[in-house]
Each structure stands twice: as C-alpha cells, then as structure tokens.
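**Q**
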Amino acid sequence: MARFGLLVLLMGTLGLCGLGTSVSRTATVSLSIPALTVLTLPERHLSGKEVVVELGPEDLARGLLLLPVEVKSNVPWAVTAQLLSEEGAALAVEVLGGPEVVVGTEEVLLLSGRPGKHELLLRLTLFGEILRGAALVLKMVGP
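Its first residue numbered 9, the sequence shown is counted upward by one per residue in this note's numbering.
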C-alpha cells in the first residue's frame with residue numbers, strides 16, 4: 009500500500025510540473041513598407057510626386073536657369089520631364105555632372121537613382137523662342 013501511495017504521489021508531482029511548462033510555437037510575421045517618393049524644389053516651395061515649374065518671361069529671357077531639386081525615396085526611382093508650351097520650343101535639361109536631355113512636349117526620362125535622399129542641380133537651357141511662358145512638368149515614376 010505504501011508503494012501505491014508513493015506512486016500516486018509521484019504521478020501527482022509530475023502532473024503539477026506539467027502544468028507549469030510552456031509550449032513554444034513558430035510564427036511568421038510579414039511586414040510591408042509602402043513605397044514613398046517625394047520630389048522637392050526647395051527654392052520654389054514645390055513638392056510632391058508631380059511638380060509643375062512655371063517658367064515666366066523673366067526666366068526665359070535669361071536663356072539659362074539653374075533649378076535645385078531634391079529627391080527622397082525608399083525605393084528605386086525615376087523622374088520624367090515634359091514641357092508644356094504653345095510655341096513648341098524645347099529645353100535642354102542637364103543634371104550637373106550627367107548627360108543632357110532635350111525635353112519637349114513628349115514625356116522623357118530625365119534621371120533615375122537608388123533609394124535615399126539625393127540633392128541635384130538641373131541646368132535648363134532654352135532652345136527656340138517662347139514668348140508667353142511655359143511649364144516644365146517633373147514627375148516621379150516608380151516600380
């Protein structure tokens with residue numbers, strides 16, 4: 009009988025130990041970060057995915073215009089450019105230190121880059137004659 013009592017006591021002790029044990033499980037967590045891209049022209053107080061730079065007669069009379077641009081993105085990015093003008097003239101746009109691109113009424117790829125913050129300087133040179141003004145549309149495109 010003593011053996012039976014010892015056996016019951018031992019089983020009870022093992023059972024109580026089992027109540028305090030923890031069970032671990034494997035879980036998979038996925039995190040999705042949305043693509044964030046912003047194009048800023050600090051001197052003109054413009055920012056967004058698409059900015060319109062109004063080029064007035066005083067800008068165009070100089071024939072050459074320097075335009076600081078800032079790009080912030082957490083994904084690879086690209087900027088396209090298009091000139092809105094009734095006269096059909098064009099601009100040569102050069103990212104200082106990079107190639108020159110002729111921008112007309114058709115949208116063209118201007119520059120692209122990797123994620124991060126990039127401060128650039130665009131040099132705009134007018135081709136042809138624009139009397140009343142024009143608008144340069146810079147647009148962020150992404151994946």
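All C-beta atoms in this analysis are idealised placements derived from N, C-alpha and C, irrespective of residue type, glycine included.
(1) For Gly-105, which of Leu-91, Ala-89, Arg-131 has the nearest alpha-carbon?
(2) Within its chain, find whatever has a CB closer than 7 Å to the CB of Val-59; leave out the 5 residues flanking it on each side and keep chain order.
(3) What does a CB cutoff of less than 8 Å around Leu-72 pick up in its chain, not counting 5 residues either side in sequence?
(4) Between which residues of its own chain and Thr-88 is the CB-CB distance below 7 Å, once the five residues before and five after are set aside?
(5) Using a Cβ-Cβ cut-off of 6 Å (strictly less than) and excluding sequence neighbours within five positions of His-126, which residues of its own chain qualify?
(6) Give the single residue among Ala-35, Val-61, Ser-120 whose Cα lies nearest to the Cα of Arg-52.
(7) Pick helix, strand or coil for Ala-89, following the three-state DSSP scheme.
(8) Between Val-103 and Leu-128, which are expected to be in contact by the criterion C-beta below 8 Å, what is the C-beta distance as a whole number of angstroms?
(9) Look at the alpha carbon of Val-153 and the alpha carbon of Leu-91, and state the distance between them as a whole number of angstroms.
(10) The beta strand (DSSP E) with Ala-97 in it runs from where to where?
(11) Buried or exposed for Ala-142, going by 16 or more other Cβ atoms inside 10 Å?
(12) What does DSSP give as the partner residue(s) for Gly-150 in the beta ladder?
**A** Here's the rundown:
(1) As a position in the sequence shown, residue 105 is number 97, starting the count at 1. Nearest C-alpha to Gly-105: Arg-131.
(2) Translated into the one-based positions of the sequence shown, residue 59 becomes position 51. Hits under 7 Å: Leu-47, Leu-49, Leu-146.
(3) If you number the sequence shown from 1, residue 72 lands on position 64. Within the same chain, Arg-131, Leu-132, Thr-133, Leu-134 come within 8 Å of Leu-72 by CB-CB distance, once the 5 residues on both sides are set aside.
(4) To locate residue 88, count along the sequence shown from 1; it is residue 80. Counting only Cβ-Cβ distances below 7 Å, and skipping sequence neighbours, we find Glu-115, Val-116, Leu-117, Leu-118, Lys-147, Val-149.
(5) The count along the sequence shown starts at 1 and reaches residue 126 at position 118. Same-chain partners within the cutoff: Val-79.
(6) As a first step, residue 52 is located in the sequence shown; it is residue number 44 there, counting from the start. Looking at the Cα atoms, Val-61 is the closest of the given residues.
(7) Indexing the sequence shown from 1 puts residue 89 at position 81. Correct three-state label for Ala-89: strand.
(8) The residue you call residue 103 lines up with position 95 of the sequence shown. The residue you call residue 128 lines up with position 120 of the sequence shown. Yes, Val-103 and Leu-128 are in contact; Cβ-Cβ is about 5 Å, under 8 Å.
(9) Outside the shown range of the chain, which is 9 to 151, sits residue 153, and nothing can be said about it.
(10) Along the sequence shown, read from residue 1 onward, the residue named residue 97 stands at position 89. It is not in any beta strand (DSSP E) - Ala-97 carries neither H nor E in the DSSP assignment.
(11) Along the sequence shown, one-based indexing puts residue 142 at 134. Buried is the call here.
(12) Mapped onto the sequence shown, residue 150 falls at position 142. Paired residues: none, contrary to the question.
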